[in-house]
Amino acid sequence: MENIFIVGLLAATLRVATPLIFGTLGELFSERSGVLNLGIEGIMFLGAFVGFTAAKLTGSLWLGLLMAIIAGVIAGLVMALLTVRLGVNQHVSGLGLTLLWTALSLFGFRMIFGEPSVMPSISTFPTISPFEGVPYLGTIFEQRLLTYIAFALIPLVGWIINRTRFGLNIRAVGENPEAADAAGLNVYRIRTQSQMIGGALMAVGGAFLSQAMLGAMSFGIISGRGWVCIALIIFANWKAIGVLWGSLLFGGFFALQLALQATGIKLPYELLMTLPYIVTILALTIAGRNVSVPSALLKPYQRE
Amino acid sequence: MNAIQMTGITKRFGDLVANDNVDFELKAGEIHALLGENGAGKTTLMRILYGLYHADEGDIQVNGRRVSIVSPKDAIHNRIGMVTQHFTLVSTLTVAENLTLGEKGSITINKRTIEQKISDAAEQYGIPVKPDALISSLSVGERQRVEILKALNRNAKVLILDEPTAVLVPQEVDVLFEVLERLRKSGLSVVFISHKLNEVMALCDRISVLRLGKMAGTVVKGETNKTELACMMVGHETFGVKRQGKAPRGKVILRVENLSLRDKKGLDTLRDVSFEVHTGEILGIAGVSGNGQSELTGILSGTIKPTGGQFHLEDRNLTGTEPLQITRAGIGRIAEDRHASLVGELTVAENIALEYLDEFVSHGVLDRKKIHQNAEKLIKEYDIKARPEDRLRTLSGGNMQKVILARTLSREPKFVLASQPTRGLDVGATDYVDHRLLDQRDRGAAVLLLSEDLDEIMSLSDRVAVIYEGQIVGILPIEEVTREKLGLMMCGSIGKQKT
Ligand SMILES: Nc1ncnc2c1ncn2[C@@H]1O[C@H](COP(=O)(O)OP(=O)(O)OP(=O)(O)O)[C@@H](O)[C@H]1O
Ligand SMILES: [Mg+2]
């Protein structure tokens, strides 16, 4: 009995962690290049909507995902236009875009589906079980391809940031854009590219929720996961590997409260739902002390 | 054919003409000094050449070919490299990573390969650097060498150095000069921005002088001398200040008794420091930097708490009080680091009001008009070349220092704490600051002057104290002071003697 509980918990942890990993890695690209993207909540919502809708209309889940990615890239581009090209305040742009993308998605949903009595749905991405039949492992690793991709992305992103020329450029413009400029790098272009990649990853995080978890679209589908990613990036100390620990921590406690709800524990479920957030805040206060925040974060670069 | 030919360059910032129809030429294989007072437009001219600023008028030729340089990328492409006053290195990256930045090449970066490449280059040019060290762990001199190597690594044939020696200790200056000599031999051209006549005469082949944004002329080293250069820089000849007469010794203003400081590592950085400063006198404190000067000024300005001893202003014990109380009590500070006592993003007027904000407040709201008027008055009085509403960071070093002087001295403090007040300033500005300090003395204030520049100490002070390893090794009246004596005391060869 207990084993089943724990196995279920672990499986759920991986599932819950998946969109967080996508979102936080997206934010990682953005912030390492010096831009705080508070549009993440809205971009995830946009990704969820576009992914779901395109999949529903074309009948192809993968085509839906591709459309979500394109939407994310465009959303990143808009953020870059405001914050990188025009040097608008990053907080204001991000929050404004979150409102915009959320409202646009809801509007689009209405336009396309009207007000149906039965919510439209799609069949979700199938699960893949590499350990089929193996006790415990078989159940834990009964996940969607996107979950495996998310975990594989962590070392990949770490490698890109630390070991490639592109990553070096991102780190340079995020730490000292003047120096990068003097070295002949195009600060605007590198920051814009980081925004586009970041937007794509965030959108995939959102699409995972609608296309893999729910198979439907709802108003509360993201419900603050974007903001959690903003916290996780600090917890992760702006390092890819930290994203793994952060997402697992939050995912773990989220799964735990789900499981506790299911056991019929005598606590209001609203209270249980606060658990992962409280743990995240606690973890932040402890881990947040030793932060290596990119020096140029929030600072628009303008050549004199 | 010249390596670089700049013709008719004009650059305006608002109403200010930073470069006014300037012609400049650089021959291949020469070290060419660009000399001028603070704010003369030296940095601006070279930033234009390196694509960091855009000229409003004029054109640039490289090796006889007209080129358009709108970004550093273009400059690099034309084989021009620049080491700016504020280094442009990413401090969280390693030396090798910084040097690779901006290069085209493989998608991935192999640490070992790039580090090897950098070692090879370092050896080839004879510039010692550690490829795998983080920039944040390097000394200023080492960072500068990384900057130079960075430019060379991009195949620069023209190297621009903006006041490279301002930040260096004397030994590092020697290293730098050796490097530059070697580069000249290998055919490089160097533009050496400076306002130190000694260095210019020691190193350079030709010298161009900028004055108030205009080119005052170019001369060959062999055919000129320091006096002529100084004259070209400021447009008039006389320099050097002297104290007038002996001050009648007034009452004691500042009394320092047995100040001691033990730092976190348990080292004694100050040991039993005692002295008095009287009204109407300048007490100079000579010493090689790092012998306790910054700790002493820190204690006297309230930013460091001493571990022993005390100091009184008149009869008030100010030991361990907050900087605000200390300013209130009548101590005016001219700090060692200009940038730390000014806020670059604020305007000149706001910076002037900064230490005494509550005097510019009415009903809890800042009185902008009063701040502005106050600034206008002081800008005129202290001859600051800026407008009240200019952002402070756009000012040249000399003008920044004048802002500090205006802020501090206009309050007529009883005691003036001046540490390194002329560091990084040109002859004109130095002259100005020195005169202002003498004015303070004549007004009856007590002045404590900390400086590494013996000439300055000797021409301004009424008495000279020497600090060595956190101790005052002696205090001499100016009549008994000789360079030799000070020199020996500064390196600890003559022991304690008091007057
Ligand atoms: N970005 C800017 N905006 C406005 N004014 C500027 C800017 N950069 C320089 N200036 C002004 O142009 C003038 C020339 O400045 P510049 O920095 O070229 O002087 P400099 O000769 O290098 O002086 P220093 O010896 O102090 O470095 C100064 O009056 C300065 O205040
Ligand atoms: Mg300059």
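Quick mapping for you: the protein sequence lines, in order, are chains D and E. Each residue of the first sequence is one higher than the one before, starting from 540 at the first, in the working numbering. Each residue of the second sequence is one higher than the one before, starting from 889 at the first, in the working numbering. We treat Cβ as the ideally placed atom computed from N, Cα and C, and that holds for glycine. Quantities reported herein were computed from a predicted structural model and do not represent experimental measurements.
query, result
"Cα separation between Pro659/D and Ile825/D?", "44 Å"
"Quick check on His1083/E: does DSSP put it in helix, strand or coil?", "coil"
"Chain E partners of Thr819/D, CB-CB under 9 Å?", "Ordered by position in chain E, no residue passes the 9 Å Cβ test against Thr819/D, which lies about 26 Å from the chain."
"Identify the continuous alpha helix (DSSP H) that holds Lys1102/E and give its terminal residues.", "Note, Lys1102/E: premise wrong, no alpha helix (DSSP H); beta strand (DSSP E) at 1102–1108."
"With a threshold of 6 Å (Cβ to nearest heavy atom), would Gly1285/E be considered close to ligand 1?", "yes"
"Please report the distance separating the alpha-carbon of Glu1125/E from that of Pro716/D.", "Legend: pLDDT at Glu1125/E = 48, less than 50; position of this residue unreliable, no value from coordinates given."
"Return the first residue and the last residue of the beta strand (DSSP E) that Ala1353/E is part of.", "1351–1356"
"Excluding sequence positions up to five away, which residues of its chain have a Cβ less than 8 Å from the Cβ of Lys1386/E?", "Residue placement at Lys1386/E is poorly supported in this model, since its pLDDT is 41, which falls under 50; the coordinates are not used for a value here."
"Compute the Euclidean distance between the alpha carbons of Val1107/E and Glu1116/E, then round it to the nearest angstrom.", "10 Å"
"May I ask you to list, following chain order, the residues of the stretch 1218–1240 of chain E that have a beta carbon less than 9 Å from some beta carbon of chain D?", "none"
"Please classify Thr1126/E: does DSSP put it in a helix, a strand, or coil?", "Caution applies to Thr1126/E, whose pLDDT of 46 falls short of 50 and renders its modelled position unreliable; the value that the coordinates give is listed next. If DSSP states are grouped into helix, strand and coil, Thr1126/E belongs with coil."
"Using a Cβ-Cβ distance cut-off of 7 Å, determine whether Val832/D contacts chain E.", "no"
"Per DSSP, what are the beta-bridge partners of Lys899/E in this structure?", "Asn907/E"
"Report yes if the CB atom of Ala770/D is closer than 7 Å to the CB atom of Ile560/D, and no otherwise.", "no"
"Quick check on the burial criterion: 16 or more other C-beta atoms within 10 angstroms. Buried or exposed for Leu1098/E?", "buried"
"For Lys1373/E, which residues of its own chain have a beta-carbon under 6 Å away from its beta-carbon, when the five flanking residues on both sides are left out?", "none"
"Report yes or no: do the stretch 1043–1055 of chain E and the stretch 1006–1017 of chain E share at least 3 C-beta pairs separated by less than 8 Å?", "no"
"What does Leu724/D reach in chain E if we use C-beta pairs closer than 7 Å?", "Leu989, Gly990"
"Looking at Leu740/D and Leu575/D, is the spacing between their C-beta atoms short of 7 Å?", "no"
"Any beta carbon of chain E sitting closer than 7 Å to that of Asn776/D?", "no"
"Starting from the C-beta of Ala963/E, find all residues in its chain whose C-beta is less than 6 Å away, skip the five residues before and the five after it, and write them out in chain order.", "Tyr938, Gly939, Ile957"
"I'd like to know whether the C-beta of His930/E is nearer than 7 Å to at least one C-beta of chain D.", "Note that residue 930/E is Lys in the sequence shown here, rather than His. Chain D, which has no Cβ nearer than 7 Å to the Cβ of Lys930/E, makes this no."
"Based on DSSP bridge pairs, tell me the residues matched to Asp947/E.", "Thr895/E"
"If you run the structure through DSSP and keep just helix, strand and coil, what is Ser749/D?", "helix"
"Buried or exposed for Met1121/E, going by 16 or more other Cβ atoms inside 10 Å?", "buried"
"Just the chain E side, please: which residues come within less than 9 Å of Glu570/D by C-beta, in chain order?", "The contacting residues do not exist; Glu570/D stays about 14 Å from chain E at best."
"Distance cutoff 7 Å, beta carbons only. Does Leu837/D sit that close to anything in chain E?", "no"
"So what's Phe588/D in DSSP terms, helix, strand or just coil?", "helix"
"Assign Ala801/D to one of two classes, buried (16 or more other C-beta atoms within 10 Å of its C-beta) or exposed (fewer than that).", "exposed"
"Is the shortest distance between the beta-carbon of Ala718/D and the beta-carbons of chain E less than 7 Å?", "yes"
"Would you say the stretch 719–729 of chain D touches the stretch 544–559 of chain D, given that touching needs at least three Cβ pairs under 8 Å?", "no"
"Kindly examine ligand 1 and report whether one of its heavy atoms sits closer than 6 Å to the Cβ of Asn909/E.", "no"
"To which residues of the same chain is Leu1100/E closer than 7 Å at the C-beta, ignoring the five residues directly before and after it?", "Ala928"
"Can you give me the start and stop residues for the beta strand (DSSP E) that Asn1146/E sits inside?", "1140–1150"
"Spatial neighbours of Ser668/D within its chain, please: CB distance less than 7 Å, with the 5 preceding and 5 following residues excluded, ordered by chain position.", "Gly677, Phe680, Glu681"
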